[in-house]
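*Asks:*
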Amino acid sequence: MDTGLSELVYSLICKNPGIFKYDLYHKVSEIPGFTITHAEFDDVIFYLRLYHGIFVMRGYGYFENEDKFHFGGCNNIPGKVVRKKGG
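The numbering of the sequence shown is UniProt numbering, which starts it at 1 and goes up by one.
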């Protein structure tokens, strides 16, 4: 995987907190002269989760882990913490 691709996707997540995964994919695809497959995009999302702790679940923002959802920007993720519903 191209590390520049993961940096690009990470920067788009930071600039668009709460973006849906579908919309994020289209933002990446709309960059002139740039193409990405869904498989490559999924690999990037997996990489960001594995190495940077960024979860894009159901398309919403940043997850410190699978139990907490944070509203806010990258690197400094202050703000409201919302627990997942259910037991």
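For glycine and all other residues, C-beta sits at the position ideal for the given N, C-alpha and C.
(1) Does the distance from the C-beta atom of residue 27 to that of residue 12 stay below 8 Å?
(2) Start and end of the alpha helix (DSSP H) containing residue 45?
(3) Residue 45: which of 21, 29, 15 sits nearest, CA to CA?
(4) Assign residue 7 to one of three DSSP states: helix, strand, or coil.
(5) Any idea if residue 31 is buried or exposed, counting beta-carbon neighbours within 10 angstroms, 16 or more meaning buried?
(6) Among 38, 36, 10, whose alpha-carbon lies nearest the alpha-carbon of residue 52?
*Replies:* The short version:
(1) In the sequence shown, the residue the question calls residue 27 occupies position 27. In the sequence shown, the residue the question calls residue 12 occupies position 12. Yes, these two residues count as a Cβ contact at 8 Å.
(2) Mapped onto the sequence shown, residue 45 falls at position 45. Its alpha helix (DSSP H) spans residues 38-52.
(3) Within the sequence shown, numbered from 1, the residue matching residue 45 stands at position 45. In terms of CA proximity to residue 45, 21 leads the group 21, 29, 15.
(4) Taking the first residue of the sequence shown as 1, we reach residue 7 at position 7. DSSP places residue 7 in the helix class (H, G or I) of the three-state scheme.
(5) Locating residue 31 in the sequence shown gives position 31, where the first residue counts as 1. That one is exposed.
(6) Looking up residue 52 in the sequence shown gives position 52. Proximity to residue 52 across 38, 36, 10 peaks at 10, based on C-alpha coordinates.
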